[in-house]
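Notes follow once the structure below has been shown.
Numbering (my numbering), first residue to last: 132 to 534.
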């Protein structure tokens, strides 16, 4: 490309340590050479600064192409606008801290933008990377296909007149990473609206459409990463997205930034708002009826809980009495157990005495047996026989029969 205007790659960051190195490398690897990188950090508390410094060192003598700007907390949208204020390029290419650029992204987008000075924005399809099991509605994957017709260069007012403009997905352009913006555009349409949260980018694309031509490249030139900690996911879960939709619709109907909005679109918006209000009211009525039923069910449940509470108190008292009785029985059981232990000790003592008595009896019996044997031996001896005859003689003579 003979004419290579400066492009400011703007990377707003806040606690971007997880992906910032990969994001920066995708910017540095651009085939388009005339660019600067502006990293506007919103007071990160992680290792973002150290990682960026390391990447900057790898640039060697071209490290000045990367500018690190750390500041107080401006908030998400405030940080975007600060990036714009610091950009020196003819074009601004936003690159969010989680996203990636394909190598020829700048080359192709700048080439198209340079074909017509009235082109305020160039966009292209992006590839969606889902990480951390993050949920992402399939409706928002191939969003550029939701237009009725796209030309490489066409009037923004033509896109605003597209009959599918107000049908989902409402953002048919994409996230800031998917677009290239001519810097002077912001002088005419203003900066990003800090009063919006979820549809900030869509509001800007619509405002640009009211005053500029739009360029489209039918080729994937960036990667949009979706993860659970992403701000847009948090907004969706908090209900901010629903509120922002209302804010944007009313802004499109009354803000002077949308003065060029086709009347047909305004009428569609009014009808969409009426339909939405009607649906919301019907849903509220249904919710109110359901709430009444729920309150009745809660009251019935409260009565049941009350009855259960009384039963719990009754059975609690019964259980307390039972536990008291069990304690008494346990004490009696322990006393009986102690008494049995004492009786067993006495029995063991008696048994010991009995065994001792038995031993004595056995010894006495042995001595008695021995005495009997001695007497028997004496009676069978000659002396004993002479004694008996002597006694018989004494008795026959009338003498006392004694020894």
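The beta-carbon is built from N, C-alpha and C at its ideal position, and this holds for glycine as well. All values reported here derive from a predicted model rather than from experimental measurement.
For residue j and residue i, believed in contact at Cβ under 8 Å, the rounded distance
i: residue 250; j: residue 344; result: 5 Å
i: residue 382; j: residue 334; result: 7 Å
i: residue 400; j: residue 297; result: 7 Å
i: residue 294; j: residue 271; result: Rounded, the Cβ-Cβ distance is 20 Å, inconsistent with contact.
i: residue 196; j: residue 167; result: 5 Å
Nearest residue (CA-CA) to residue i, options the options
i: residue 351; options: 427, 515, 258; result: 258
i: residue 220; options: 175, 286, 416, 135; result: 135
i: residue 209; options: 158, 144, 396, 294; result: 144
i: residue 287; options: 338, 188, 217; result: 338
i: residue 373; options: 172, 212, 218, 408; result: 408
i: residue 237; options: 302, 164, 382, 212; result: 164
i: residue 231; options: 377, 223, 160; result: 160
i: residue 322; options: 506, 511, 216; result: 216
i: residue 325; options: 206, 380, 234; result: 206
i: residue 222; options: 173, 248, 396; result: 248
i: residue 267; options: 424, 425, 357; result: 357
i: residue 211; options: 469, 473, 142, 514; result: 142
i: residue 156; options: 453, 234, 511; result: 234
i: residue 255; options: 353, 246, 192, 290; result: 353
i: residue 260; options: 455, 269, 482; result: 269
i: residue 123; options: 359, 194, 438; result: Residue numbering for the chain in the displayed model covers 132 to 534; residue 123 lies beyond these limits and cannot be assessed.
7 Å CB neighbourhood of residue i in its chain, flanking five on each side removed
i: residue 148; result: 177, 178, 179, 182
i: residue 203; result: 174
i: residue 523; result: none
i: residue 317; result: 215
i: residue 151; result: 144, 179, 182, 183, 228
i: residue 404; result: 380
i: residue 498; result: none
i: residue 509; result: 515
Distance CB(residue i)-CB(residue j) smaller than 8 Å
i: residue 244; j: residue 311; result: yes
i: residue 227; j: residue 308; result: yes
i: residue 171; j: residue 213; result: yes
i: residue 169; j: residue 158; result: no
i: residue 391; j: residue 341; result: yes
i: residue 225; j: residue 283; result: no
i: residue 388; j: residue 320; result: yes
i: residue 355; j: residue 306; result: yes
Own chain partners of residue i with C-beta closer than 6 Å, once the 5 adjacent residues on each side are dropped
i: residue 530; result: none
i: residue 526; result: 532
i: residue 336; result: 304
i: residue 201; result: 172
i: residue 580; result: Nothing in the structure corresponds to residue 580, since the chain is present only between 132 and 534.
i: residue 504; result: none
i: residue 520; result: none
i: residue 475; result: none
Cβ-based neighbour list, residue i, same chain, cut-off 8 Å, excluding 5 preceding and 5 following
i: residue 124; result: Lying before the first or after the last residue shown, residue 124 is absent from the chain, which here runs from 132 to 534.
i: residue 138; result: 163, 165, 166, 167, 220, 221, 222, 223, 224, 237, 241, 311
i: residue 285; result: 344, 345, 347
i: residue 428; result: none
i: residue 190; result: 159, 196, 197
- Message: Could you tell me which whole beta strand (DSSP E) segments of length 3 or greater appear in the region 429-467?
- Response: none
- What are the uninterrupted segments assigned as beta strand (DSSP E) that are 3 or more residues long and contained completely in the region 153-227, given in chain order? 166-172, 197-201, 222-225
- Taking the runs of the alpha helix (DSSP H) that are 4 residues or longer, which of them lie wholly in the region 368-394? 371-385
- Message: What ranges does the beta strand (DSSP E) occupy inside the region 263-330, keeping only unbroken runs of at least 3 residues that lie completely in it?
- Response: 284-286, 310-313
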